[in-house]
Each structure stands twice: as C-alpha cells, then as structure tokens.
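Trainee: Questions regarding the structure given below will be posed in turn.
Protein chains: 2
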Amino acid sequence: MGEAVRVLEVALGDRAYPIVIGAGLLSVGARLVPYLKRKKAVVVTNTTVAPLYLDLLTDALAAEGVSCESVVLPDGESHKDWQTLNLIYDALLGSHAERSTTLIALGGGVIGDMTGFAAATYQRGAPFIQIPTTLLSQVDSSVGGKTAINHPLGKNMIGAFYQPRLVIADIGTLATLPDRELKAGLAEVIKYGLIRDPAFFEWIERHLDALLARDPEALAHAVEVSCRNKAEVVAADETEQGERATLNLGHTFGHAIETGMGYGVWLHGEAVAAGTVMALALSKRLGWLSDVEIDRAVRLFARAGLPTKGPVLGAQRYLELMRHDKKVADGQLRLILLKGIGRAVIHSGATDGEVCAAIEACCE
Amino acid sequence: MGEAVRVLEVALGDRAYPIVIGAGLLSVGARLVPYLKRKKAVVVTNTTVAPLYLDLLTDALAAEGVSCESVVLPDGESHKDWQTLNLIYDALLGSHAERSTTLIALGGGVIGDMTGFAAATYQRGAPFIQIPTTLLSQVDSSVGGKTAINHPLGKNMIGAFYQPRLVIADIGTLATLPDRELKAGLAEVIKYGLIRDPAFFEWIERHLDALLARDPEALAHAVEVSCRNKAEVVAADETEQGERATLNLGHTFGHAIETGMGYGVWLHGEAVAAGTVMALALSKRLGWLSDVEIDRAVRLFARAGLPTKGPVLGAQRYLELMRHDKKVADGQLRLILLKGIGRAVIHSGATDGEVCAAIEACCE
Ligand SMILES: NC(=O)c1ccc[n+]([C@@H]2O[C@H](COP(=O)([O-])OP(=O)(O)OC[C@H]3O[C@@H](n4cnc5c(N)ncnc54)[C@H](O)[C@@H]3O)[C@@H](O)[C@H]2O)c1
Ligand SMILES: NC(=O)c1ccc[n+]([C@@H]2O[C@H](COP(=O)([O-])OP(=O)(O)OC[C@H]3O[C@@H](n4cnc5c(N)ncnc54)[C@H](O)[C@@H]3O)[C@@H](O)[C@H]2O)c1
Chain A
1 MGEAVRVLEV ALGDRAYPIV IGAGLLSVGA RLVPYLKRKK AVVVTNTTVA PLYLDLLTDA
61 LAAEGVSCES VVLPDGESHK DWQTLNLIYD ALLGSHAERS TTLIALGGGV IGDMTGFAAA
121 TYQRGAPFIQ IPTTLLSQVD SSVGGKTAIN HPLGKNMIGA FYQPRLVIAD IGTLATLPDR
181 ELKAGLAEVI KYGLIRDPAF FEWIERHLDA LLARDPEALA HAVEVSCRNK AEVVAADETE
241 QGERATLNLG HTFGHAIETG MGYGVWLHGE AVAAGTVMAL ALSKRLGWLS DVEIDRAVRL
301 FARAGLPTKG PVLGAQRYLE LMRHDKKVAD GQLRLILLKG IGRAVIHSGA TDGEVCAAIE
361 ACCE
Chain B
1 MGEAVRVLEV ALGDRAYPIV IGAGLLSVGA RLVPYLKRKK AVVVTNTTVA PLYLDLLTDA
61 LAAEGVSCES VVLPDGESHK DWQTLNLIYD ALLGSHAERS TTLIALGGGV IGDMTGFAAA
121 TYQRGAPFIQ IPTTLLSQVD SSVGGKTAIN HPLGKNMIGA FYQPRLVIAD IGTLATLPDR
181 ELKAGLAEVI KYGLIRDPAF FEWIERHLDA LLARDPEALA HAVEVSCRNK AEVVAADETE
241 QGERATLNLG HTFGHAIETG MGYGVWLHGE AVAAGTVMAL ALSKRLGWLS DVEIDRAVRL
301 FARAGLPTKG PVLGAQRYLE LMRHDKKVAD GQLRLILLKG IGRAVIHSGA TDGEVCAAIE
361 ACCE
C-alpha cells in the first residue's frame, strides 16, 4: 500500500508553508501540532463533513493536548455569505479566542474559503490551517491563499489573500466524496496539464480510469502534481498580477455558465470543463491549436464524465456575463488561451466576433 | 501664512506611502491623481462630513478627469459595523467598480477604519487613500494600516492590516471639528511625547494654547511630528509583534473605561488620557517615574481639557474588562509603562494588587 507521505513546499518567503499529502493523515494530531501557535484551535466544518471526520480530527488533537472547539456550518455554496461567516466570528468571540488561536478548515472549498477569510480578519489575522476534503479543494482552493465570501451581487467579491501555515490533503477523505464532486475536481486536475504540464496531461490520459476508481496511489500523485503546479505559479505571482491568471483557463467562460444558469445548477468544475473547451475552440480559431490537440482535451473531459458543451444562453448573453467577471480590466476581456497543450497565454486582443463564434461552436 | 506642505514617508518597502500635511489640500485634485491606479474613485464619507467637504473633493477630482462616485454613511461609532460596511460593498458592486478603483476615506477614524477594511477586502484588495478630517485620525488612525469594524462582542474585532497608497491630512478641515473631538485628538498627540519623544513633549507644553486655539502652524507641526513618530514605530513593527504595542500607552486601562461606561459615553481620547494617568501611576509605584514627571503629564492633560481620573467602576471590574482586551495574550496583562518621559516599556510582570492600587489612586 502506498503509505508514503508526500510533502511539497509553497515558496512564499516568510509565508512559506508545506502541503502534506497522504492517506489517513487526519487522525495524526502530531502532524498539526508543530504548526499551531498555541495549543488552541477552532475547527470549522459543515453538517456533511462533521459526522464523517470531525471526531477523528478533534480526538487526534485532544490526544496531543490541544484544546479544541468546533463550529459546524450549514452546507452549500449558498451559505458562503456574511451571515454564515458571522457564525464563525460569534464562536470565536463567544469562546474568547485570542488572535493566537489557530483556525482549522475541515471541508471543501466553501469551508476553506470562508474559514480562511475569517482567519484573515479575526483580530486582523489569526493562524490558519487547511484540511481540504474534496478533490477540488485539495488540488486548487486550499493552495494559494485566496479566501472569500460571496456578495448578493457577485461571487467571491469580498475576500483577502491570506496564506495558511499548513495544508493537509488526506486522500482517504475522498472515499466518501460524491461521484459528481470527484469529477468536478478532475476538471481542475486536467487544467494543470493543459496550461503548463504536458507530461502530466499524458499521465492523466493513461491513469484516468484509476483516478475515477479512486485508486489512492493515483489520487495522491494527481494531487501532488497539481499542487506542485499551482504552488509554482503562486510563488511566482502571489496576488495575480501576471502568470497566476493562467490558472483561470476556462474560468471566464465557465463563470458565464455558472451565473447564466443560476449558481448551483452546474458545479464549478463542470462549468470550467465546458468553458475550457470554448477557450480551446477560440485558440484553434486563432490558429494556435490543432484539431488533434483539441480532440485530446475534449476526449479526456468526456471520459472524466464532464460536459464538453455549454448550455445555449446565446453568445451575446455569454459576452455580457463574461464582462461582469472580476477578472475583466477596463471592460477589456482578458482570456486565457492555449498555444499548444501545456502552453497557456494571456490574450486581450480577441474580437467579440471571434469570441462569439467560439462560444456558438461549443453550445448545445 | 504657513502654506508650506510637509511630506513624510512611511517606510514599508513596496508598500511605502507618503503622508502629506498642509492647509487646503482637499481642493487640489492634482495631489491625488498620481496615486490613483486608474482615473476612477469612490469616496466614502458620512452625513456630518459630506456637507462640509465632499463637493470640494469631488469637484477637485472631476477637474482632473477622475470619475467619482460617493457613499455617504450614517455618522457614529455605533455604525462601525457589518451593516454599514455592506453599504460600501453595495455601492461598489452596484456601480460595477473594478478592483483597480480607488477607495478614498473622507472623515474621521470611523470612516477611515471602515473604508480601509472595505478596500482590503473588496475583490481581495482595492487601492486606498486616506483623507482624515479629525485630529485623532490625522495623528493616529490614518497611519499604520490598521483597519476594522466592530462586532457586537468586541470593538475592532474584525479587520485587516492594509496600507493606504497616500494619506492627505488637510489641517484646514480641523476648523470645523467640535472642541471635544479636538481635545480627544490631543490625548494621542501627547502620547507620542510620553512614549518616545521628550523634546516633542516639551514642545507641546509650550504650544498647547496655540493648539487649542487651532493655530494652523502649530497644528501642522503637531500632526507632522505625531505622524513621524507613528510612522517610525510602524515601519519597525508593522503587525504589532513588539515595539508597536507601545503606541497603546493608556489604551488597556482606557479600553476598560470605554467598555465599562458603555461605548460613546467617553470619547476614545478621553479614556486614553485617564488610562495613561493610571499607567503612569503604576510606573511610579514600580519606582520608574518621579512625582515631577507624573505631575507634568497630568498637568498637560488637564490643560488640554482632558480627564485625568477614571470613573469609579471598582478596581476588580477594571481588571476584568482589561483582561478582555485583545491586546492580552494568554490571560496575562501586558501593559505599556514608562521609565521616564519619552521611554515606554512593555511590562507583563505587574501583580493584580499593583494594578488595582494604581487604578484606585486614579478614580473619582
Ligand atoms: N480559494 C481558491 O483559490 C478557490 C479555487 C477554486 C474554487 N474555490 C471555491 O471553492 C468552492 C468549491 O469547492 P468544492 O468544490 O470543494 O465545494 P464544496 O466545499 O461545496 O464541497 C462540495 C460538497 O462535498 C461535500 N464534502 C466535502 N468533503 C466531503 C467528503 N470528504 N465526503 C463527502 N462529502 C464531502 C461538501 O459538504 C459539499 O456538499 C467554491 O466556493 C469556489 O469559489 C476557491
Ligand atoms: N486604525 C487605527 O490605527 C486607529 C487608531 C485609533 C483609533 N481608531 C479608530 O478611530 C475611531 C475614532 O476616530 P475619530 O476620533 O476620528 O472619530 P469619528 O470618526 O467618529 O469622528 C468624530 C466626529 O467628528 C465628525 N467629524 C469628522 N471630521 C470632521 C470635521 N472636519 N469637522 C466636523 N466634524 C467632523 C465625525 O463625523 C464624528 O461625528 C474609532 O473607531 C477607533 O477605533 C483607529
């Protein structure tokens, strides 16, 4: 069995931190203790994850002498809002948590983003540890320090850049993840191959069945290589002035799908998959990508059970929704496109006509 | 007339910024333009300050081709909360503000702290300019990057460290400040002399009447030297790991007075004045301060129209309230005391008995 624990370092100077990847890490309190400022922690989780993993974690911490409170939030993206965030503040203040108390996020990206924002802002900054329990959060949201909540007028509109002190990706927790969530996470895994790691893309082509069967070795490798790619990009560009934007391949199109359909109808990873196909179609239209390359990407998404076409909203509506994305500067669409598998570029010169044609070619 | 403009630099590496001090600066849009990321700004102010200075500022910006929205919040510390903060987010999102839009705080510390927190968190960080219009905000809250809102269970409990790109202290705006607010601001001015600048303390002794008469030259000098002191401390210790704590002279005692009396009964500066006298009494009890030195400080506060005694809450109640201050680590009171005028120290060793005796000596 692959009991090996993999450790990566996110190189951010005095805010550097390790990502530890392996099976069964949740129940080893000693892994966390060196990263606590004091032996006090507040674990934030939700009603789905709590019955599965909360006791495991708090018992492991208690065994190391860590005094531990927990906050169990309602589950779902619709609760990623101020009211729910306030439940965290209430719990912290209600238990007289000092600013040296560590906040631990135990859950998917919603819990990670909210807990991270609570940590960033509680008494102007409390220590923070991420224990992501979805594939998406293990390969994406728990790395890089983006934290946020939603505002009625826009997703992730209120937030902060705030790095955790430690990320623990326990592959074992993926065993209970619903199939649809696993597949949505694979969209982001495939993304790393497409934007900057052609060898990884080929590895995914060869091991997709193992990933879908939740083979722990395959999952651990996919999480490791994904995190390594994300960590490299983030270390080079922490606050998204340049290269970090390439992580948004498919996201501006995907954002239009998510908003256009109403949040929650499409999962983020599903929208990213269909959005990526649109970005690839535009890349091809610009003469940057061959039919063979597009086909490989589309085939891989399809094998992963992900959509490769967007919903029919009308190309104009897509454009309108895309312009409202926060990644737009000065009304000009900045899109991430590919000049070959493994080579993302940031492109601001696409005409509305070109973008619309790419969208129309990818809707059904 | 002293039309001279004074400029200080807060040395914080790539987050360094200037503080510009002078009379009539508000109506010179050209001072701000180089610090805007784009020619778009949202001015945040309140119902008291708007009729006095908002048009002056927005006209000056418009003259420079800056497109400018404004948000007018209700006035008062009781509105330094999430609901009011949300009015800023609503305005930003309602006007499709991008993350390159600059937020400008026009008002006292309440507006500065809330606008700064909105800027820190809008789309994970928008550019921010402070135009403080109270003496307290010019000498204290606008410098150093602390931003916050209150939570029902504690003041300034939710916030961030976030530096402005520019601070403009227009001494002219102090002409309309209520007397009681001016005096409260003087408490913080005197504080800088006490903790680290004995020459400035003597200057205040000589020029207090000019300050109370709002002589522009005297005010500009007091603001400049105060900001220079604060900027030096902040540059050495941005996130309050060490020396920055000395800025809290009198604040832990003062915090007990503010909370004990109910917020708003005592102004912050008034509580700080009485709290400082308690800290000085304790310093004397420890043999660190002479009668002559205490007398000079008490006399100066009294001449400035500030209280030099705290309300009678009972020493035990003071202790209890002081322990709830967020500056307390591990339940241990860390107090700022003096070893002479101009020499602050951080002291954790005071016994409850010593602290109570100092409090009792300074209540009426
Ligand atoms: N911060 C970033 O950089 C970043 C990047 C990408 C996405 N995100 C954010 O992440 C969120 C999406 O994250 P997500 O896909 O993890 O969604 P999620 O957090 O909503 O989790 C999906 C579902 O799986 C459940 N779940 C979690 N772990 C489980 C487990 N081990 N077993 C069974 N069920 C489990 C959750 O309770 C939830 O119902 C979005 O809010 C998005 O904005 C953030
Ligand atoms: N961030 C920091 O480092 C820091 C430091 C100290 C205090 N603070 C915060 O600052 C706040 C107190 O600031 P404050 O004392 O400026 O209070 P304030 O902002 O409430 O202003 C005091 C009053 O004066 C009015 N006012 C402002 N400018 C005026 C003018 N030019 N003419 C007439 N009226 C005017 C205001 O509307 C208000 O009614 C508190 O919330 C405190 O927590 C922050």
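Each protein sequence line maps, in turn, to chains A and B.
So the first sequence is numbered by the UniProt record's numbering: it starts at 1 and just counts up by one.
So the second sequence is numbered by the UniProt record's numbering: it starts at 1 and just counts up by one.
Yeah, the Cβ is synthetic: ideal placement off N, Cα and C, and Gly gets one too.
#1: Going by C-alpha distance, which of B/Val225, B/Pro18, B/His207 and B/Arg196 is nearest B/Leu338?
#2: Please list, in chain order, the chain A residues whose beta carbon lies closer than 8 Å to that of B/Tyr122.
#3: Using a Cβ cut-off of 9 Å, pull out every chain B residue sitting near A/Tyr89, in sequence order please.
#4: CB-CB under 6 Å to B/Gly242, same chain, minus the five flanking residues each way: which ones, in chain order?
#5: Can you find the residues in the same chain that come closer than 6 Å, C-beta to C-beta, to A/Gly193, ignoring five residues on each side of it along the sequence?
#6: For ligand 1, is there a heavy atom less than 6 Å away from the beta-carbon of A/Thr48?
#7: Looking only at DSSP bridge pairs, what is A/Lys339 linked to?
#8: When you measure from the CB of A/Thr84 to every non-hydrogen atom of ligand 2, does any distance come out below 6 Å?
#9: Going by alpha carbons, who is nearest to B/Ala297 out of B/Ser283, B/Gly310, B/Val277 and B/Val312?
#10: Classify A/His151 as helix, strand or coil using the three-state DSSP reduction.
#11: Mind the definition here: the region 141-152 of chain A touches the region 160-174 of chain A only if three or more C-beta pairs lie below 8 Å; say whether that holds.
#12: Is B/Asp237 close to ligand 2? I mean its beta-carbon at under 6 Å from any heavy atom of the ligand.
#13: Can you name the residues that DSSP bridges to A/Tyr122?
#14: With a threshold of 6 Å on Cβ separation, who are the neighbours of B/Phe301 within its own chain once the five nearest residues in sequence on each side are excluded?
#15: Can you check DSSP and say which residues form a bridge with B/Ile129?
#16: Whose C-beta lies closer than 8 Å to the C-beta of B/Gln83 among residues of the same chain, with five residues either side of it excluded?
#17: Leaving out the 5 sequence neighbours to the left and right, which residues in its chain are closer than 6 Å to B/Ala11 when beta-carbon positions are compared?
#18: Which residue spans inside the region 30-57 of chain B form an unbroken alpha helix (DSSP H) run of at least 4?
#19: Would you mind reading off the limits of the beta strand (DSSP E) that contains A/Val223?
#20: So A/Pro132 packs on A/Ala169, CB below 8 Å; how close in whole Å?
#21: Taking Cβ-Cβ distances shorter than 8 Å, what residues in chain A pair up with B/Ala148?
#22: What residue from A/Phe128, A/Pro178, A/Thr47 and A/Leu174 has the CA that sits closest to A/Tyr17's CA?
#23: For the beta strand (DSSP E) containing A/Ala344, name the first residue and the last one.
#24: Under 7 Å, do B/Ala304 and B/Lys183 count as touching if we go by C-beta distance?
#25: Can you check whether the C-beta of B/Phe161 is within less than 7 Å of a C-beta belonging to chain A?
#26: With H, G and I counted as helix, E and B as strand and the rest as coil, what does DSSP make of B/Ser290?
#27: Looking at ligand 2, does it come within less than 6 Å of B/Gly108, judged from the CB to the closest heavy atom?
#28: Between the alpha carbons of A/Ala118 and A/Arg180, how many angstroms are there, rounded?
#29: Ligand 2 and B/Leu54: does any heavy atom of the ligand fall closer than 6 Å to the residue's C-beta?
#30: Taking the beta strand (DSSP E) that B/Ile21 belongs to, which residues open and close that run?
#31: Within 6 Å: the Cβ of B/Ser141 and any heavy atom of ligand 2?
#32: With DSSP collapsed to three states, give me the class of B/Ser67.
#33: So what's B/Gly254 in DSSP terms, helix, strand or just coil?
#34: Between which two residues does the alpha helix (DSSP H) harbouring B/Arg6 extend?
#35: Per DSSP, which residues does A/Lys191 bridge with? Please list them.
#36: Run through DSSP, which three-state label would B/Gln332 get?
Mentor: In short, the structure shows the following:
#1: The candidate whose alpha carbon is nearest that of B/Leu338 is B/Arg196.
#2: Ordered by position in chain A, the residues that pass the 8 Å Cβ test against B/Tyr122 are Met157 and Ile158.
#3: Chain B residues near A/Tyr89: His151, Leu153, Met157 and Ile158.
#4: Once the five neighbours on either side are set aside, B/Gly242 has no close Cβ partner at all.
#5: Phe200, Phe201 and Ile204.
#6: At least one heavy atom of ligand 1 is nearer than 6 Å to the Cβ of A/Thr48, so yes.
#7: Secondary-structure assignment with DSSP links A/Lys339 through no beta bridge to anything.
#8: It does not: the Cβ of A/Thr84 is nowhere closer than 6 Å to a heavy atom of ligand 2.
#9: Out of B/Ser283, B/Gly310, B/Val277 and B/Val312, B/Val277 has the C-alpha closest to the C-alpha of B/Ala297.
#10: DSSP, read as helix, strand or coil, puts A/His151 in strand.
#11: The region 141-152 of chain A vs the region 160-174 of chain A: in contact.
#12: Here the distance from the Cβ of B/Asp237 to the nearest heavy atom of ligand 2 is not below 6 Å.
#13: According to DSSP, which records beta bridges pairwise, A/Tyr122 is partnered with B/Ile158.
#14: If you ignore the 5 residues before and after B/Phe301, its C-beta comes within less than 6 Å of the C-beta of Ala273 and Thr308, all in its own chain and listed in chain order.
#15: For B/Ile129, which the question treats as bridged, DSSP gives the partners B/Ile104 and B/Leu166.
#16: Apart from the 5 residues on each side of it in sequence, B/Gln83 has no Cβ closer than 8 Å to any other Cβ in its chain.
#17: Around B/Ala11: Ala235.
#18: Segments of the alpha helix (DSSP H) lying fully in the region 30-57 of chain B: there are none.
#19: It is not in any beta strand (DSSP E) - A/Val223 instead sits in the alpha helix (DSSP H) that spans Pro216 to Ala236.
#20: Contact flag correct, Cβ pair sits at about 6 Å.
#21: By Cβ distance, chain A contributes Arg124.
#22: Nearest option by C-alpha distance: A/Phe128.
#23: Secondary structure note for A/Ala344: its beta strand (DSSP E) is the uninterrupted segment Ala344 to His347.
#24: The Cβ atoms of B/Ala304 and B/Lys183 lie closer than 7 Å to each other.
#25: Yes, its Cβ sits closer than 7 Å to a Cβ of chain A.
#26: It is coil, neither helix nor strand.
#27: Yes; taking the cut-off as 6 Å, the Cβ of B/Gly108 has a heavy atom of ligand 2 nearer than that.
#28: Spanning the two alpha carbons is a distance of roughly 28 Å.
#29: No, the beta carbon of B/Leu54 sits no closer than 6 Å to any heavy atom of ligand 2.
#30: Its beta strand (DSSP E) spans residues Tyr17 to Gly22.
#31: B/Ser141: yes, Cβ under 6 Å from ligand 2.
#32: Three-state result, B/Ser67: strand.
#33: Annotated three-state conformation of B/Gly254 is helix, per DSSP.
#34: Counting along the chain, B/Arg6 falls outside any alpha helix (DSSP H), though it belongs to the beta strand (DSSP E) covering Arg6 to Val10.
#35: A/Lys191 pairs with nothing; no bridge assigned.
#36: Judged by DSSP in its simplified three-state form, B/Gln332 adopts strand.
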